[in-house]
Amino acid sequence: MHTVMDPPKRQERGAAMKFTYASGSKTLAGYTIKRGIGRGGFGEVYYATSDAGKDVALKLIQRSLDVELRGVTQCLNLKNPHLIEIYDIRESESGETWIVMEYVSGGSLEDVLNEHPQGLSRADAMLWLRGMVTGVACLHDRGIVHRDLKPGNLFREDNLVKIGDYGLSKFITASRRSAQTESIGTVHYMAPEVARGKYGKEIDIYAVGVMFHEMLTGRVPFEGESVGEILMKHLTAEPDLKPIEEPYRSVLAKALDKDPARRFASINDMLTPLVPTAVLVDGNGYAKPAAPNMESPTRGEFWRAPLPQAPIHQASPGLAAASSLVLAEPTMHAITLPSPAAAKPKVRTPGDPITEFFADKWERLNRDSTSQATFWVLTVVLFTMTPVAPLMWGGLFWGAIGYGVYRVLWTMANEPGGSSSGSYAPAAAPRTEQTARTANRCAVFRRQRTEESMPAKGRHQQATELVASLVKSTVAATVLSGILYFVMPLLGPTFDGGATSGVPMTMAQLTLLTLVSIVGTWSILIPSKAWEGTAGRPIARRAVLTLAGLAVGVFAFAVDQYLLIDLPGTITHVRGSEMEFLTEYSGQPTIYGYLALFAFLFLVPRWWKLSDPMRRTSFALWPVALCGVWGLVLAWGCCFPQPLGVMWGAITAMAVQLSAPWLSSAERERKTVVL
Amino acid sequence: MEQSLNAPPATTSQSANLRRTTYLRKTMTLFGREHETHVGQRFLLWVDAVGGFLVCLADEVTLGQPDPTRGVDVPILGDLSARHVRIRRDAEGYLAQVRRPIKLNGRPVEDAAPLSADCELEMGAGVRLRFRRPHPLSNTARLQFLSRHRTQPSTDGVILMAESLVLGPGPACHVHCPGWPREVILYRQGAEIWCRATGVLEIDGQRHADGCGRVSLDSHVSGDDFTLSLESL
Chain A
25 MHTVMDPPKR QERGAAMKFT YASGSKTLAG YTIKRGIGRG GFGEVYYATS DAGKDVALKL
85 IQRSLDVELR GVTQCLNLKN PHLIEIYDIR ESESGETWIV MEYVSGGSLE DVLNEHPQGL
145 SRADAMLWLR GMVTGVACLH DRGIVHRDLK PGNLFREDNL VKIGDYGLSK FITASRRSAQ
205 TESIGTVHYM APEVARGKYG KEIDIYAVGV MFHEMLTGRV PFEGESVGEI LMKHLTAEPD
265 LKPIEEPYRS VLAKALDKDP ARRFASINDM LTPLVPTAVL VDGNGYAKPA APNMESPTRG
325 EFWRAPLPQA PIHQASPGLA AASSLVLAEP TMHAITLPSP AAAKPKVRTP GDPITEFFAD
385 KWERLNRDST SQATFWVLTV VLFTMTPVAP LMWGGLFWGA IGYGVYRVLW TMANEPGGSS
445 SGSYAPAAAP RTEQTARTAN RCAVFRRQRT EESMPAKGRH QQATELVASL VKSTVAATVL
505 SGILYFVMPL LGPTFDGGAT SGVPMTMAQL TLLTLVSIVG TWSILIPSKA WEGTAGRPIA
565 RRAVLTLAGL AVGVFAFAVD QYLLIDLPGT ITHVRGSEME FLTEYSGQPT IYGYLALFAF
625 LFLVPRWWKL SDPMRRTSFA LWPVALCGVW GLVLAWGCCF PQPLGVMWGA ITAMAVQLSA
685 PWLSSAERER KTVVL
Chain B
28 MEQSLNAPPA TTSQSANLRR TTYLRKTMTL FGREHETHVG QRFLLWVDAV GGFLVCLADE
88 VTLGQPDPTR GVDVPILGDL SARHVRIRRD AEGYLAQVRR PIKLNGRPVE DAAPLSADCE
148 LEMGAGVRLR FRRPHPLSNT ARLQFLSRHR TQPSTDGVIL MAESLVLGPG PACHVHCPGW
208 PREVILYRQG AEIWCRATGV LEIDGQRHAD GCGRVSLDSH VSGDDFTLSL ESL
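Those protein sequence lines, which keep their order, are chains A and B.
The working numbering applies: residue 25 is where the first sequence begins, and numbers increase by one.
The working numbering applies: residue 28 is where the second sequence begins, and numbers increase by one.
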């Protein structure tokens, strides 16, 4: 929500800025001013070149005080890749004081936030956060509190974040006192204790928290129409962190605590919950082990020592003491977690008890070639050459159906919360042998990484993609229905009530099949597009899809009635009078039969996984088989004429996969998160 | 070029250098002022609070490593050949004539290739530029660095100026100036460069109430909402 006054900045860069000195001025000996850059907290900033050609930034201090100048001296010799280097402090012939600094050609965080009013991607936000934490940690390590951290003082060049205007806060304070004004743009980042005159390092942690909130959401946590209102909110109001997911929410809550003693003890602690143990990947993609400790960062390297699993709300004395543990800024190296399969290829992923039992037996069988051979010979003989072969096939068929139902129910009972990302699988996500907490963090990281690698899409692009998917699904459903029209009679199912076998559908039945398949596919694609790239609760999505299924059921029934379709098909199960509400005596399904079929057809499978652009493959047969079997089971359970249930299930699963967008692994690699 | 009896005859390279660097210089006296007009040259454009740009006026520019002896129009501090690629402008658009292999939108180019209105050039070891012609009514193009490399002297981008150069807040402007309320246009009129803006314009201390005036390659121009300077190279 935005207030009348546009917070927290923002005179746009370039807007009506007039500078004291023009291009070509040599007011400071040894330097030629080329252009004005902007206005800092205490004066104008220029881009200049030395007589030898070195690029520098010249900051004109409009009001110099000896006491404050002495305070800057300690910053002159600070060296850190995340701090804008101060080369010198000079006085011009006209008596003006200039600070000669490193020139950073990249834009500021303020510019970036201006361009992204909805906030940055998680990857970008973390890049900025890590850089500012490292730089601020260096300042705190030397007893310097920045006191004026804000987006306008943070810059990024070559993916390296740099902090400027440190050690100069006294100039800023003096300037503001003289001007008797307090810029509303700065109070958004001001810790509450500043109003009481306390300027400990906790105020920098608070400011970093405010900026992190702004990067994640596009707005500062406390807004207002006046300086007083904003300061009051800093003192009394709690930030609304509900829209922000974990682990960011907890980090922000701690960083923005009103009591400075309850914030993070060290700025580095802010990163502990956010960056899981990672592996450094070099330019060739080879993983290198994380270094246990390092003194100072080197440009071009990113690494992360294994951090203690300290809970957020407790002090981390290990990290607080390790003030030399600084984090370098990453280069264009992808940081990936080793997948569980790659780390331990021989570890079997545990599943439900039945799977466990048979998987264990299968493993034992595979260890012995003699047993393996015996097994296969017996299998072939039993299934083909003995009188019990039909029984074996029937048992296998019904066993598979029964196991499928059991597996679905077991999965629903053990389903983890998660996003739309990941491959479609009715089974629970595989669990590794890591601890529960590390596994959870890895899952969070993978989900975050997967979601972050999704390209940010505007509404127009989303709408365009959706329309394209709907068109493709229409074509796919039509073609698939046509194919099944010709294929199904060959497989035996009949559409004339069982009197003869191999009778194809009537045109009316084919129309019903096609139209309902199209509408069913649309009912999945439309909400899935809205869920794309977001973390959502499966139960909420199932609820939405169930409602969609009900709507499809109503539509199907309407088409049935409008076209006066004679739809006996093959009713494989006849129930007693208590189930008459599902079918009429003639075998025609009632509205309740349609509703029940489609509601359950859309409720159980995780349809959004089939349309997820980040699914493992663009098309997989396993989900088609599962959805077909589920349709078969539902039709049997709802007394719905066969084989429409299996056809609708299979066609919908196929059409959704064929029409939904998909990112190949090459495209995902280009968008891999850089940590 | 005069040759003295004792001077050695001009070598081929000297003549070639002379041809490359010869430009039409016309000195005019207008209302008591001298205005130098230049064609076929480059200049630096410094825009306060926006950035610095290398502006090339010639229809043909060479990109490569900085080498004062080779007359590179766009010197880039990168792992490139001295004269890596030549970009030529004509009525139909832009053409890249390759001296060393480059990639255009990821595809290798061996000889020559037309440059579309928005494409990516990759030269040498990772020097990547985005070539854009943002304005539909102007043949002026902009080269923007996608990699960490820069020109020498350091600038924020390169403008291959055709008939006009538009500075302003819109996406179609050659130099994007966020926050500017209006556009400012530098345009070529014959061998001269002029500036037009809304409101009063001040060029080298002289006021132009009609918002239009001639600039030199060392002019300082300011309006109500902007300040820019040209610096000859």
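Glycine is no exception: its CB is placed at the ideal position from the N, C-alpha and C atoms.
Keep in mind the model is a prediction, meaning the values are calculated, not measured.
Residues that DSSP places opposite residue i in a beta bridge
i, result
"Tyr427 (chain A)", "According to DSSP, which records beta bridges pairwise, Tyr427 (chain A) is partnered with nothing at all."
"Cys222 (chain B)", "B:Leu213, B:Gly240"
"Arg63 (chain A)", "A:Glu68"
"Trp122 (chain A)", "A:Leu84, A:Arg114"
"Asp145 (chain B)", "B:Arg159"
"Val101 (chain B)", "B:Leu90"
"Cys83 (chain B)", "B:Arg69, B:Leu187"
"Leu192 (chain B)", "B:Leu213"
"Val248 (chain B)", "B:Ile230, B:Leu255"
"Gln124 (chain B)", "B:Arg113, B:Ala139"
"Leu178 (chain A)", "A:Ile187"
Anticipated Cβ contact below 8 Å, residue i with residue j, distance rounded
i, j, result
"Glu253 (chain A)", "Leu137 (chain A)", "Contact doesn't hold; Cβ gap of about 21 Å is too wide."
"Arg159 (chain B)", "Asp145 (chain B)", "5 Å"
"Ala677 (chain A)", "Leu621 (chain A)", "So it is not a contact: roughly 15 Å between Cβ atoms."
"Asp138 (chain B)", "Arg115 (chain B)", "The pair is not a contact, with the Cβ atoms about 13 Å apart (cut-off 8 Å)."
"Phe246 (chain A)", "Pro263 (chain A)", "7 Å"
"Ile108 (chain A)", "Glu126 (chain A)", "5 Å"
"Ser74 (chain A)", "Gly60 (chain A)", "Contact flag wrong, Cβ pair sits at about 18 Å."
Which of helix, strand or coil DSSP assigns to residue i
i, result
"Thr558 (chain A)", "coil"
"Val74 (chain B)", "strand"
"Gln485 (chain A)", "helix"
"Val136 (chain B)", "strand"
"Arg166 (chain A)", "coil"
"Leu682 (chain A)", "helix"
"Ser541 (chain A)", "helix"
"Lys186 (chain A)", "strand"
"Thr254 (chain B)", "strand"
"Pro267 (chain A)", "coil"
"Pro414 (chain A)", "helix"
"His111 (chain B)", "coil"
"Gly573 (chain A)", "helix"
"Leu587 (chain A)", "helix"
"Phe43 (chain A)", "coil"
"Gly59 (chain B)", "Confidence at Gly59 (chain B) is low in this model, with a pLDDT of 33, below 50, so its placement is unreliable and the value that follows should be read with caution. Reduced to three states, the DSSP call for Gly59 (chain B) is coil."
"Tyr213 (chain A)", "coil"
"Phe626 (chain A)", "helix"
"Ala346 (chain A)", "Any reading at Ala346 (chain A) needs caution, since the residue's pLDDT is 34, under 50, leaving its predicted position unreliable; the model's value is listed next. Looking at Ala346 (chain A) - three-state DSSP - the assignment turns out to be coil, as it is neither helix nor strand."
"His258 (chain A)", "helix"
"Ile291 (chain A)", "helix"
"Tyr230 (chain A)", "helix"
Within 9 Å, strictly: CB atoms of residue i and residue j
i, j, result
"Val88 (chain B)", "Val202 (chain B)", "no"
"Ile212 (chain B)", "Val242 (chain B)", "no"
"Glu119 (chain B)", "Asn132 (chain B)", "no"
"Ser683 (chain A)", "Lys496 (chain A)", "yes"
"Arg166 (chain A)", "Gln98 (chain A)", "yes"
"His258 (chain A)", "Met294 (chain A)", "no"
"Asp384 (chain A)", "Thr435 (chain A)", "no"
"Gly79 (chain B)", "Thr167 (chain B)", "no"
"Lys78 (chain A)", "Tyr70 (chain A)", "no"
"Trp122 (chain A)", "Lys83 (chain A)", "yes"
"Glu229 (chain B)", "Asp245 (chain B)", "no"
"Val232 (chain A)", "Ala279 (chain A)", "yes"
"Ile675 (chain A)", "Thr558 (chain A)", "no"
"Ala501 (chain A)", "Ile542 (chain A)", "yes"
"Thr178 (chain B)", "Leu72 (chain B)", "no"
| Whole runs of the alpha helix (DSSP H) within the segment 147-172 of chain B, excluding any shorter than 4 residues | none
| query | When you check each C-beta in the segment 67-82 of chain A against every C-beta of chain C, which residues fall closer than 8 Å? | reply | Going by chain labels, chain C is absent from the structure shown, which instead holds the protein chains A and B.
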